[in-house]
Amino acid sequence: MNYNISALLQKALRLEFLSAEEGLFLFENAPTTQLMYVGNAIKKLHVPHQKVTWIIDRNSNTTNVCIANCKFCNFYRRPGHDESYVTTIEEYKQKIDETFALGGEQLLLQGGHHPDLGLNYYVELFKELKNLYPNLKLHALGPPEIAYITKLEQSTHIEVLQALKRCWVGLTAGAGAEILDDRVRRLISKGKCGGQEWLDVMRAAHQLDITTSATMMFGHIETNMERMEHFVALRQVQSEKPTNAKGF
Ligand code: SF4
């Protein structure tokens, strides 16, 4: 399909949604400087106060036990493996103390799909961490972990997220999105939730006013079109968030 670059950039500047095909055309044909200019202009429309913020946090893994078997992952160990671990409270304390000492304030908590760690384990862990460190911010669990816990508990995303929200600050990590297309996911991370479920977990989080983030792991087997469809899917979920929620 042959589009007009200028017309598509004008459309984007009017904040009209581009299709994946239109995005692909720009990605493959528009000069990078023009894309940067328009991207920055759209950012200014969305964030008029022009403030950029950051946070110092530390990644900490809850467990390396995982049954998802992602092809790119060198981190996980099967249940019962000699090198498998579940992080202890003493280890968290050391990591949090070090983080605070360096001016950090948040822990990003993620780990594998451990078949023995259900909702109650995470609820008790987060409660204990918050009791020990009331000022600690928790950026915890991504959609694949939440989907897995939901399956273990035979529950719903909303119920699991509600229980987690009661004991943490209200921020869900955007991990495990990889590329949201299921052709790609079947090939690289078959044991993780599908793209639709990843998006559904985030929809549910936004309904509960839990702020989320989104990742994209690219440069492997995905096509450019699948990258564009990834963006379109995220934008769709963002467009559905309740007005007062931040969403992604
Ligand atoms: S779900 Fe996470 S920990 Fe498990 S294999 Fe995949 S990337 Fe590794």
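Under our numbering, residues 38 to 285 are what the sequence shown spells out, in order.
Beta carbons are placed, not taken as given, at the ideal position from N, Cα and C, and that holds for glycine.
Remember, predicted model here, so these are calculated numbers, not experimental data.
- Annotation note: the region 162 to 230 contains the following uninterrupted beta strand (DSSP E) runs of length 3 or greater, listed N- to C-terminal: 174 to 177.
- In the structure shown, T136 falls within a helical segment according to DSSP collapsed to helix, strand and coil.
- Apart from the 5 residues on each side of it in sequence, D94 sits with its Cβ closer than 8 Å to the Cβ of T136, G141, E142, Q143, L144, L145, K174, H176 in its chain, given in chain order.
- For L208, same chain residues with a beta-carbon under 6 Å away, outside a window of 5 residues either side, are H176, T248 in chain order.
- Excluding residues up to 5 positions away in sequence, G231, G232 lie with their Cβ nearer than 6 Å to the Cβ of D219 in the same chain.
- In the structure shown, N261 adopts helical secondary structure according to DSSP, grouped into three states.
- The ligand SF4 has a heavy atom closer than 7 Å to the beta-carbon of Y113.
- Within the same chain, I216, D218, V221 come within 7 Å of E263 by CB-CB distance, once the 5 residues on both sides are set aside.
- Counted as a single uninterrupted DSSP element, the stretch harbouring D153 is not any alpha helix (DSSP H), since DSSP gives it neither H nor E.
- The three-state secondary structure of Q87, taken from DSSP, is coil.
- The alpha carbon of E59 has as its nearest neighbour, out of A200, V269, G228, the alpha carbon of V269.
- Between I133 and Y159, the C-beta spacing is not below 8 Å.
- Burial check for Q191: the Cβ neighbour count within 10 Å stays below 16, so the residue is exposed.
- Excluding the 5 residues flanking it on each side, V123 has same chain C-beta neighbours closer than 6 Å at T100, in chain order.
- Taking 7 Å as the cut-off, the C-beta of P181 counts as close to a heavy atom of the ligand SF4.
- Within the DSSP secondary-structure output, L145 pairs in a beta bridge with N96, H176.
- Around Q131, the same chain offers no residue with a beta carbon nearer than 8 Å, after the five sequence neighbours per side are excluded.
- Remark: C-beta atoms of A212 and G256 do not approach each other more closely than 8 Å.
- When the alpha-carbon of D237 is set against those of I183, Y170, R223, the nearest one is in I183.
- Exclusion of the five residues before and after K283 leaves T248 as the residues of its chain whose Cβ lies within less than 7 Å of its Cβ.
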